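Following: one structure in structure tokens, then a few remarks.
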Amino acid sequence: MKLRNRYFNTFRTVTQAAWFNLQFFAGEDDNNNEDDKPAEDKTLTQDQVNDIIAKRLAKEKAKWEKDYNAKLEAEKAEAARLANLDATQRAEEEAKKRIAALEEREAKLKQAEDKLECENVLKERGLSTSFANFLLGADAEVTLANINSFETAFKDAVKAEVETRIKGKTPPAGGGDNKDDVVSKEDFKKLPLFEQNKLYLSNPELYKTYYGA
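Heads up: the sequence shown is residues 9 to 221, going by this note's numbering.
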């Protein structure tokens with residue numbers, strides 16, 4: 009019963025989301041009727057939207073029923089297997105299940121802690137925490153090695169891009185012997201902030217020449 013309720017709630021959520029989308033599209037059609045736009049500008053009719061939603065619901069329902077039936081059959085098979093065991097064997101099986109569930113929960117907790125630690129290291133190094141999931145390793149040592157490799161590759165790529173973009177700017181009048189001084193301070197300060205931040209990450213010393221006292 010719990011399994012069926014869980015799957016029913018999932019399907020109901022999907023159904024409600026699909027119905028919301030239908031209402032959203034319908035609302036758009038109503039708004040478009042108020043505008044002076046010609047009718048041919050509409051890419052979908054209400055019937056077409058209804059057809060899309062119906063097909064989506066049918067697909068989600070079929071998937072839901074398939075998953076539910078598979079889980080149900082698995083539970084029946086497990087129940088039948090346990091029924092053939094004696095009391096001692098059933099107790100052992102239940103103990104194994106509890107241990108497995110505990111180990112799974114501990115593994116998830118450790119993964120969450122490792123991800124948080126990975127995010128903290130990324131923050132300290134000025135890197136986006138969105139890369140944490142890709143950098144997580146089997147343990148802290150592997151994760152740190154992944155971060156180090158990623159940081160090197162990332163900063164090299166940023167440095168190359170910044171140098172290319174800065175060198176693409178018009179050099180200041182009169183030029184100069186300093187190869188890095190390819191734009192004036194005024195021109196540099198006109199660059200988008202994300203470009204200035206890239207230079208700060210890749211070449212702090214050059215950045216200071218633009219904003220130094």
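By construction, the Cβ of each residue, glycine as well, lies at the ideal position given by its N, Cα and C atoms. Computed from a predicted model, the values in this text were never measured in an experiment.
Quick check on residue i: does DSSP put it in helix, strand or coil?
i	result
Ser-192	coil
Lys-198	coil
Tyr-215	helix
Ser-136	coil
Ala-146	coil
Leu-93	coil
Quick one: residues in its chain with C-beta nearer than 7 Å to the C-beta of residue i, no 5 flanking neighbours on either side, listed in chain order?
i	result
Glu-101	Leu-90, Leu-93
Lys-193	Tyr-218
Leu-144	Asp-122, Lys-123, Cys-126, Thr-151
Measure how close the beta-carbons of residue i and residue j come, nearest whole angstrom, since I'm counting them as under 8 Å.
i	j	result
Thr-137	Glu-125	About 11 Å separates the two Cβ atoms, so there is no contact after all.
Val-170	Leu-207	5 Å
Asp-205	Lys-167	Reading off the sequence, residue 205 comes out as Asn, not Asp. Going by Cβ atoms, the distance from Asn-205 to Lys-167 rounds to 13 Å, so no, they are not a contact pair.
Glu-203	Arg-173	7 Å
Can you grab the Cα-Cα spacing for the pair residue i / residue j, in whole Å?
i	j	result
Lys-163	Glu-111	38 Å
Lys-156	Lys-123	According to the sequence as given, residue 156 is Asn; it is not Lys. Rounded to the nearest angstrom, the two C-alpha atoms are 15 Å apart.
Asn-186	Thr-51	Reliability of the predicted coordinates at Asn-186 is poor, the pLDDT of 45 falling under 50, and the value obtained from them is presented with this limitation in mind. Distance between the alpha carbons of Asn-186 and Thr-51: 57 Å.
Gln-97	Lys-84	18 Å
Glu-132	Lys-175	30 Å
Ala-82	Ala-88	10 Å
Glu-68	Asn-77	14 Å
Lys-216	Ala-165	21 Å
Leu-30	Lys-71	Unreliable positioning characterises Leu-30 in this predicted model, as indicated by a pLDDT of 47, which lies under 50. The coordinate reading is nonetheless provided below. Using only the alpha carbons, I get a separation of about 21 Å.
Arg-106	Asn-58	47 Å
Ala-103	Ala-95	12 Å
Glu-114	Ala-146	14 Å
For residue i, collect the residues of the same chain with a Cβ closer than 8 Å to its Cβ; drop the 5 residues on either side in sequence, then sort them by chain order.
i	result
Asn-141	Lys-123
Gly-134	Leu-209
Leaving out five residues before and five after residue i in sequence, what residues of the same chain have Cβ atoms less than 6 Å from its Cβ?
i	result
Phe-196	Tyr-218
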